[in-house]
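The number in full-length UniProt numbering is simply the position in the sequence shown, starting from 1, with 3 added.
Heads up, the beta-carbon is just placed ideally off N, CA and C, and yes, glycines get one too.
None of the values given here were measured: they were computed from a predicted structure.
Okay, structure first, notes after.
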Amino acid sequence: RQVWRLARRPEGDIDKGDLTFTEEEQRAPEAGEALVEVIYLSLDPTNRIWMSDREQYMPPVEVGDPMRGGICGRVVSSRAPGLPEGTLVAGLGEWASHVIVEEGKVSPMRGVEGLPLAAAFGTFGGVGMTAYFGLLDIGQPQAGETLVVSAAAGGVGQIVGQIGKIKGCRVIGIAGGAEKCRFITEDLGFDHAIDYKNEDVGAALDRLAPDGVDIDFENVGGPIMQAVLERMNNFGRIPLCGLISQYNERGETQGGAPAYWETMLMRRLTVRGFIVTDFAPRFSEAAAQLGQWLAEGRLTTRQDVRQGLDRADDYVKLLYSGGNFGKLLVEVSPP
Ligand code: NDP
Numbered sequence: 004r005q006v007w008r009l010a011r012r013p014e015g016d017i018d019k020g021d022l023t024f025t026e027e028e029q030r031a032p033e034a035g036e037a038l039v040e041v042i043y044l045s046l047d048p049t050n051r052i053w054m055s056d057r058e059q060y061m062p063p064v065e066v067g068d069p070m071r072g073g074i075c076g077r078v079v080s081s082r083a084p085g086l087p088e089g090t091l092v093a094g095l096g097e098w099a100s101h102v103i104v105e106e107g108k109v110s111p112m113r114g115v116e117g118l119p120l121a122a123a124f125g126t127f128g129g130v131g132m133t134a135y136f137g138l139l140d141i142g143q144p145q146a147g148e149t150l151v152v153s154a155a156a157g158g159v160g161q162i163v164g165q166i167g168k169i170k171g172c173r174v175i176g177i178a179g180g181a182e183k184c185r186f187i188t189e190d191l192g193f194d195h196a197i198d199y200k201n202e203d204v205g206a207a208l209d210r211l212a213p214d215g216v217d218i219d220f221e222n223v224g225g226p227i228m229q230a231v232l233e234r235m236n237n238f239g240r241i242p243l244c245g246l247i248s249q250y251n252e253r254g255e256t257q258g259g260a261p262a263y264w265e266t267m268l269m270r271r272l273t274v275r276g277f278i279v280t281d282f283a284p285r286f287s288e289a290a291a292q293l294g295q296w297l298a299e300g301r302l303t304t305r306q307d308v309r310q311g312l313d314r315a316d317d318y319v320k321l322l323y324s325g326g327n328f329g330k331l332l333v334e335v336s337p338p
């Protein structure tokens with residue numbers, strides 16, 4: 004098989020040589036295991052966190068180990084009764100052409116019918132679950148409220164904003180560049196977009212949300228988060244989903260973070276960090292609802308599918324520069 008291994012922990016941006024691409028013998032599955040041929044590898048901002056040894060929500064990838072990643076693929080040989088050959092599965096795997104999976108640790112692909120596999124994986128995989136539970140359970144959106152979402156044209160953000168619209172919110176997306184801003188307003192129906200690369204976020208929020216912000220679905224952190232926080236209404240909610248602007252930082256202080264906390268206190272904001280796997284027992288609920296919205300044409304999602312596992316180390320860097328447009332996937336073998 005072909006596999007990427009973590010060769011050393013990156014310092015700052017991911018660098019050539021932090022990961023190495025190798026050809027290895029593929030062992031056969033043992034009892035309770037299946038061998039999966041990977042079709043899509045999901046590249047996610049959290050990959051950078053897993054490469055580091057900072058505090059995190061699951062063990063970091065050890066230096067020398069295969070790089071961890073979300074995958075979907077087809078079972079090609081099996082010693083697991085619940086995973087017969089030919090089954091399409093999704094779950095945590097490796098940056099590899101083939102992976103051994105344990106029964107119970109991957110799920111059969113959900114909601115595939117009528118959707119291209121990349122769209123099913125790019126919607127019902129981690130990003131759809133994150134958007135669904137983060138916004139609905141933690142954000143508690145009410146009709147008429149103002150919702151701001153950062154990294155709005157990305158995998159998570161595009162779904163958050165559309166669910167916000169379904170729930171009757173005024174939705175403002177923050178994204179980098181005119182094309183992404185056009186996409187979220189014209190194609191996805193967000194009320195407004197703020198192009199943080201070309202305009203001042205605080206001034207734009209003053210214009211677009213004169214009555215303040217009720218929900219900040221936070222994906223970015225740093226100065227963008229600060230600008231939204233300063234405009235939060237009392238008793239607002241902040242699903243604290245991600246802080247991508249800080250993942251490549253080396254130091255202890257991250258983007259002026261301490262200033263946030265006083266705002267949170269004075270305005271009695273509910274801020275809740277969450278990891279999508281907290282909601283694993285309810286994933287089928289989210290998949291059913293998202294599937295219904297897709298079928299009704301109330302939700303659309305965009306994927307950014309790249310070719311070639313051997314270039315995964317370059318592709319992952321797109322996430323931290325905004326070079327991806329939609330949920331970033333690598334096509335490892337034909338669907
Ligand atoms: P995206 O598809 O949104 O890709 C990342 C995007 O972030 C880029 O395209 C870029 O968009 C934006 N970005 C990158 N660097 C910066 C920066 N310095 N300042 C502002 N924007 C930046 O990725 P995902 O949808 O997969 O993830 C979005 C967020 O959600 C991440 O923070 C991730 O860690 C988090 N997440 C959290 C989960 C959880 O369980 N808590 C689960 C899944 C994701 P642009 O061009 O607009 O700048």
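Pair within 9 Å by beta-carbon distance, residue i and residue j
i, j, result
"Arg51", "Ile17", "yes"
"Val204", "Ile218", "no"
"Asn251", "Pro13", "yes"
"Arg234", "His101", "no"
"Glu36", "Arg82", "yes"
"Gly225", "Ser248", "yes"
"Gln310", "Leu331", "no"
"Leu9", "Met61", "no"
"Leu181", "Val159", "Checking the sequence, you will find Ala at residue 181 rather than Leu. Contact: no."
"Cys172", "Ala207", "no"
"Gly85", "Glu106", "yes"
"Val274", "Val308", "no"
"Val335", "Leu312", "yes"
"Lys170", "Leu191", "no"
Alpha carbon of residue i to alpha carbon of residue j, nearest angstrom
i, j, result
"Leu232", "Arg11", "36 Å"
"Arg285", "Leu246", "25 Å"
"Gly215", "Asp194", "15 Å"
"Glu88", "Val79", "5 Å"
"Pro144", "Lys168", "10 Å"
"Tyr323", "Leu46", "11 Å"
"Leu91", "Gly67", "29 Å"
"Leu239", "Gly72", "Here residue 239 turns out to be Gly, not Leu, going by the sequence shown. Whole-angstrom Cα-Cα distance: 34 Å."
"Gln292", "Gln161", "16 Å"
"Ala298", "Pro32", "37 Å"
"Ile197", "Leu150", "13 Å"
"Glu26", "Glu58", "31 Å"
"Val64", "Met269", "39 Å"
"Asn236", "Asn201", "26 Å"
"Arg210", "Gly20", "46 Å"
"Cys244", "Met267", "16 Å"
"Ala315", "Leu118", "25 Å"
"Met70", "Asn222", "23 Å"
"Gly300", "Glu116", "15 Å"
"Pro48", "Pro213", "32 Å"
"Arg271", "Val130", "28 Å"
"Gly294", "Pro337", "24 Å"
"Asp317", "Glu265", "39 Å"
Chain-order list of residues whose beta-carbon lies under 6 Å from that of residue i (same chain, five-residue window excluded)
i, result
"Pro242", "Gly137, Ile141, Gly142 and Phe220"
"Leu302", "Gln165 and Trp296"
"Thr23", "Arg8 and Ala10"
"Glu30", "Looking at the sequence shown, residue 30 is not Glu but Arg. None."
"Val319", "Leu46 and Asn50"
"Gly329", "Arg305, Gln306 and Asp307"
"Val104", "Ala37 and Val39"
"Ser325", "Looking at the sequence provided, one finds Gly at residue 325 rather than Ser. The residues are Gly179."
"Val163", "Ala134, Leu138, Val152 and Phe220"
Nonlocal neighbours in the same chain, by C-beta distance under 7 Å from residue i, ignoring five residues either side
i, result
"Met132", "Val279, Phe282, Phe286 and Ala289"
"Ala34", "Arg82"
"Asp56", "Arg12 and Pro63"
Beta bridge counterpart(s) of residue i as assigned by DSSP
i, result
"Lys330", "Gln306"
"Pro111", "Val92"
"Ala37", "Ser81 and Val104"
"Met235", "Val216"
"Ser153", "Ile177"
"Ser55", "In the DSSP output, where bridge partners are listed per residue, Ser55 has none listed."
"Cys75", "Tyr43 and Ala93"
"Phe24", "Trp7"
"Gly247", "The question names Gly, yet the displayed sequence has Ile at residue 247. Per DSSP, none; premise fails for Ile247."
"Val274", "Ile241"
"Asp190", "DSSP lists no partner for Asp190."
"Ala283", "Ala283 is not bridged to any residue."
"Ala196", "Gly176"
"Glu221", "Leu243"
"Ala99", "Val6"
"Pro69", "Arg8"
Neighbourhood of residue i by C-beta, 8 Å cutoff - its chain only, sequence neighbours within 5 removed
i, result
"Lys108", "Gly94 and Leu95"
"Ser110", "Val92, Ala93, Gly94 and Phe286"
"Tyr263", "Met228, Gln229 and Leu232"
(request) Give a yes or no on contact between the stretch 143-160 and the stretch 175-184, applying the rule of three or more CB pairs nearer than 8 Å. (result) yes
(message) Across the stretch 182-193 and the stretch 107-123, are there enough close Cβ pairs to call them in contact, namely three or more that are closer than 8 Å?
(response) no
(message) I'd like to know if the stretch 97-113 and the stretch 39-56 are in contact, where contact means that at least 3 CB-CB pairs between them fall below 8 Å.
(response) yes
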